[in-house]
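K.L.:
Numbering (UniProt numbering), first residue to last: 1 to 394.
The beta-carbon is built from N, C-alpha and C at its ideal position, and this holds for glycine as well.
For reference, the structure I am asking about is given below.
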């Protein structure tokens, strides 16, 4: 007579168990390495009030894709930036070419680096915004996603781009799967007369504002639940379960689950930008930088409240996918450890003029002194630089 173990083995062998979607495995695998996650649902932010039944349109069941995701590779590390339409990435500073006229910004996802590009480098009024996915081996895939005058956000642990759009007077948030190259979810948030929606993506939660000065809505894109936050005043910086915000005009970092202030900056201005994995927050104060009142870029450890000061101004730096800082100037890429403040320099062969201020452009959009406006164009312009982990959508 067969024993119980043998019977169970026979039964198991007869079961038809489908393989899980590759995208789900990737997302969960990378999620294990995260320090913190936003808890999804109506309780995502303290004092949130449910505002109605949102419809979930076309939720995706995973990332079924022809793109190579075998072996669940480790997430990309090291500096990521573009010079002109050439993408430099990783500790080895490998390169990939973007087939378009100009790069607008760079996003980190679990499927690779997503580059937003188009006819010019402008975000506001710059025409169609196209997207390409760059994998670690340098392969570039042009995505079917095209938007215009739209703010975008990603979560580096997931293969998605999130954005909001006005569809016949209704604000809808959209989740686009860049690995599968298709829309994964669309949630009806509510009526709107606006056309531009600040947004952040963190786990199952999309934070969106109904216009630049509008109320903050918290959306669970998996369930379609929508709630209105009575705490948050901004949604620009949400990573790793934390959000940059303000309280009584003081920059703060809040816990995305409770709305509790976990880090408070100095009074007097500025705002916090949260690092891609949610471990650090950099204090950005443009006025203090321009007036010479801020000695460097102050970066805080959110868990401990300790800080380091790194020589340079905030907009000189981008974030690496693993939350170090880097800047690009001349033929040098400087990478700074956000835990210690120590920096190392790497020589790289870049086109002539990188790091110079292009004439006739806003200097904030390139590596250089932020906040000032340059003179009218005069002669050849140096190639524009876009840094990973930095928003160019405001």
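Excluding the 5 residues flanking residue 277 on each side, which residues of the same chain have their C-beta closer than 6 Å to its C-beta?
P.N.:
Here the set comprises 240 and 323.
K.L.:
Short check: CB of residue 383 to CB of residue 108, under 7 Å?
P.N.:
Not a contact, by the Cβ cut-off of 7 Å.
K.L.:
Assign residue 362 to one of three DSSP states: helix, strand, or coil.
P.N.:
Residue placement at residue 362 is poorly supported in this model, since its pLDDT is 48, which falls under 50; the coordinates are not used for a value here.
K.L.:
Go through its chain and collect everything with a Cβ distance to residue 143's Cβ below 7 Å, but skip five positions before and after it.
P.N.:
Taken in chain order, the residues that qualify are 131, 132, 133, 178 and 181.
K.L.:
With DSSP as the reference, label residue 430 as helix, strand or coil.
P.N.:
Residue 430 lies beyond the range of the chain shown here (1 to 394); nothing can be said about it.
K.L.:
Given that a residue counts as buried once 16 or more other Cβ atoms are within 10 Å of its Cβ, and exposed if not, what is residue 35?
P.N.:
Only weak support exists for where residue 35 lies, its pLDDT of 29 falling under 50; the coordinates are left without a value.
K.L.:
Comparing alpha-carbon positions, which option in 385, 300 and 173 lies nearest residue 160?
P.N.:
Nearest of 385, 300 and 173 to residue 160, Cα basis: 173.
K.L.:
In the DSSP assignment, what are the bridge partners of residue 325?
P.N.:
In the DSSP output, where bridge partners are listed per residue, residue 325 has 319 and 336.
K.L.:
For residue 92, count the other beta carbons within 10 Å of its own beta carbon; 16 or more makes it buried, fewer makes it exposed. Which is it?
P.N.:
Classification for residue 92: exposed.
K.L.:
The beta strand (DSSP E) spanning residue 282 covers which residue range?
P.N.:
It spans 280-284 - the beta strand (DSSP E) in which residue 282 sits, taken as one unbroken run.
K.L.:
Using the beta-carbon count (16 or more within 10 Å), is residue 79 buried or exposed?
P.N.:
Under this definition residue 79 is a buried residue.
K.L.:
With respect to the beta strand (DSSP E) encompassing residue 148, which residues constitute its N-terminal and C-terminal limits?
P.N.:
140-148 is the extent of the beta strand (DSSP E) around residue 148.
K.L.:
Please name the residue in 164, 271 and 306 whose C-alpha comes closest to that of residue 234.
P.N.:
Minimum Cα distance to residue 234 is reached at 271.
K.L.:
Going straight from the alpha carbon of residue 267 to that of residue 247, what length do you get?
P.N.:
When rounded, the distance between both Cα atoms is 10 Å.
K.L.:
Taking C-alpha atoms, which residue in 103, 184 and 303 lies nearest to residue 82?
P.N.:
Ranking the options by Cα distance to residue 82, first place goes to 103.
K.L.:
Based on Cα-Cα distance, which residue from 113, 99 and 100 lies nearest to residue 89?
P.N.:
Of the candidates 113, 99 and 100, the one whose C-alpha sits nearest the C-alpha of residue 89 is 113.
K.L.:
Starting from the Cα of residue 395, find the closest Cα among 325, 351, 339 and 352 and give me that residue.
P.N.:
Outside the shown range of the chain, which is 1 to 394, sits residue 395, and nothing can be said about it.
K.L.:
Give the DSSP-derived three-state secondary structure of residue 122 in the structure shown.
P.N.:
Coil at residue 122, not helix or strand.
K.L.:
Let me know the secondary structure DSSP gives residue 287 once reduced to three states.
P.N.:
Residue 287 falls in the helix class under three-state DSSP.
K.L.:
Hey, residue 111 and residue 140 are a contact pair by Cβ (cut 8 Å); roughly how many whole angstroms apart?
P.N.:
Going by Cβ atoms, the distance from residue 111 to residue 140 rounds to 13 Å, so no, they are not a contact pair.
K.L.:
Assuming residue 115 and residue 145 form a contact by the criterion Cβ under 8 Å, report the distance between their Cβ atoms to the nearest whole angstrom.
P.N.:
Wrong, their Cβ atoms sit about 12 Å apart, outside the cutoff.
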